[in-house]
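Just below is one structure, and these are the notes that go with it.
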Amino acid sequence: MAVAGMALTAYLTAVKWLGTTPLYCGTESSCDIVQSSRWSTLLGFPLSFWGFLTYAVLAALMWKMRRRRSTWSKAALVACIGVGISIYLTAVSVFEIQATCMYCLASLAIMTAIFALLCWARPEQIPGFQWKTWLPTAALSAALVVGALHLHYSGAFDPAAGPEKPYLAALATHLEESGAKFYGAYWCPRCQEQKELFGASAKRLPYVECKPGGPNGPETVSCAAKNIENYPTWIIGGRRYIGVRDPKTLATHSGFRWEDPSR
């Protein structure tokens, strides 16, 4: 079953990296909405990639169980944490995103089945094992991991992973639609500072990567054509602005007018 989980998550990871959509997961379908949400990535990698690693660890531990019965407690602990994460993400998809993904539900079913199978097939004698100590440890471990995951997605550790602020989302969209350009480089700390000012809405910015090959690499044609020499550089309405600009300044430069939809 762990191998089935590996196959499922490997497929979803490949699809994510290739920029395509999974089978039976059409554009704007519930599945597509879940797969495209901010909960679909973790630390820059598709969430399915971390799922693949989890299933791979489980497969290795269960293979090792054939010779070392004491490995059971480790495998069951990993499965317990996996079930906790799957339940959390399913709850997010149902109550927060208000959409479900059959692939995510399939992964939840596989992980739950693995955990149930491990509990049912527990070796009769495991050195030093006691249910009264293992159960609280497993439950606490799962709760801590799920809690850390929730804090991450709430923006406690990384604002870019948290929910978007309406003003910043609207401003970033306006900059994109008005033809403004934000030229920078992935290794430029000031460019990262500029993105951080927009938090979770940074992905909406009209960003143009100028040096994908690193500091000593060639500049892209689009940046060379605009004679971009410093990062970050903004071009808004035909005017050039060098350096980090706070959102209010960018709003002024671009003529952005904010109307709070909640009022």
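Under the numbering used here, think of the first position of the sequence shown as 2, with each following residue one higher. For each residue, glycine too, the CB sits at the ideal point set by N, CA and C.
Run of the alpha helix (DSSP H) containing residue i, from where it starts to where it stops
i: GLY20; result: Note, GLY20: premise wrong, no alpha helix (DSSP H); not H, not E.
i: ILE98; result: Here ILE98 belongs to no alpha helix (DSSP H), and DSSP marks it neither H nor E.
i: ILE34; result: 31 to 36
i: PRO248; result: 248 to 255
i: CYS81; result: 72 to 92
i: THR134; result: 132 to 154
i: LYS65; result: 48 to 65
Selection from the options that minimises the alpha carbon distance to residue i
i: SER31; options: ALA60, PHE53, VAL95; result: VAL95
i: PRO216; options: ILE236, TYR187, THR250; result: TYR187
i: LEU106; options: GLN195, THR234, GLY6; result: GLY6
i: THR113; options: PHE53, GLY218, ILE86, LYS166; result: ILE86
i: TRP135; options: SER71, TYR104, TRP259, PHE53; result: SER71
i: GLY83; options: ILE115, CYS102, VAL4; result: ILE115
i: VAL1; options: LEU19, ALA201, GLN193, TRP121; result: Limits of the chain in this structure are 2 at one end and 264 at the other, which puts residue 1 out of reach.
i: SER267; options: VAL79, ALA117, TYR242; result: Coverage of the chain is limited to positions 2 through 264, which leaves residue 267 absent and any answer about it impossible.
i: LYS17; options: GLY45, CYS81, ILE127, TRP121; result: GLY45
i: LEU251; options: ALA3, GLY218, PHE199; result: PHE199
i: ARG67; options: PRO213, ILE127, LYS212; result: ILE127
i: TYR104; options: PRO164, TRP259, LEU48; result: LEU48
i: ARG205; options: PRO213, PRO23, LYS196; result: LYS196
i: PRO190; options: PRO164, ALA170, ALA226, VAL245; result: VAL245
i: PRO164; options: LYS133, PRO137, TYR12, ALA201; result: ALA201
i: ARG69; options: ASP33, CYS224, GLU125; result: GLU125
Coil, strand or helix - residue i by DSSP
i: ILE111; result: helix
i: TYR187; result: coil
i: ILE127; result: coil
i: LYS166; result: coil
i: LYS182; result: strand
i: LEU43; result: strand
i: PHE116; result: helix
i: THR221; result: coil
i: ARG205; result: helix
i: TRP121; result: helix
i: LYS227; result: coil
i: MET103; result: helix
i: MET2; result: coil
i: GLY214; result: coil
i: GLY27; result: coil
i: LEU198; result: coil
i: GLU260; result: coil
Enclosing beta strand (DSSP E) for residue i [first to last residue]
i: TRP235; result: 234 to 237
i: VAL209; result: 208 to 210
i: ILE243; result: 240 to 243
Whole-angstrom C-beta distance between residue j and residue i, which should lie under 8 Å
i: ALA77; j: LEU119; result: 5 Å
i: ARG123; j: TRP73; result: 6 Å
i: SER108; j: GLY52; result: 6 Å
i: THR14; j: PHE50; result: 5 Å
i: LEU150; j: TYR89; result: 7 Å
i: ASN231; j: ILE243; result: 5 Å
i: CYS102; j: VAL147; result: CYS102 to VAL147, Cβ: 19 Å. No contact.
beta-carbon residue i near the ligand SAH non-hydrogen atom, thresh 7 Å
i: TYR184; result: You won't find the ligand SAH in this model; it holds no ligand whatsoever.
Segment contact flag, the region 180 to 198 with the region 225 to 240, C-beta cutoff 8 Å, min 3 pairs: At 8 Å Cβ cutoff, the stretches touch.
For the 8 Å Cβ check, are there 3 or more pairs between the region 248 to 255 and the region 166 to 180? Counting Cβ pairs under 8 Å, three or more are found: they touch.
Report yes or no: do three or more beta-carbon pairs, one from the region 90 to 104 and one from the region 36 to 49, lie closer than 8 Å? Judged by Cβ distances under 8 Å, the region 90 to 104 makes contact with the region 36 to 49, as three or more pairs qualify.
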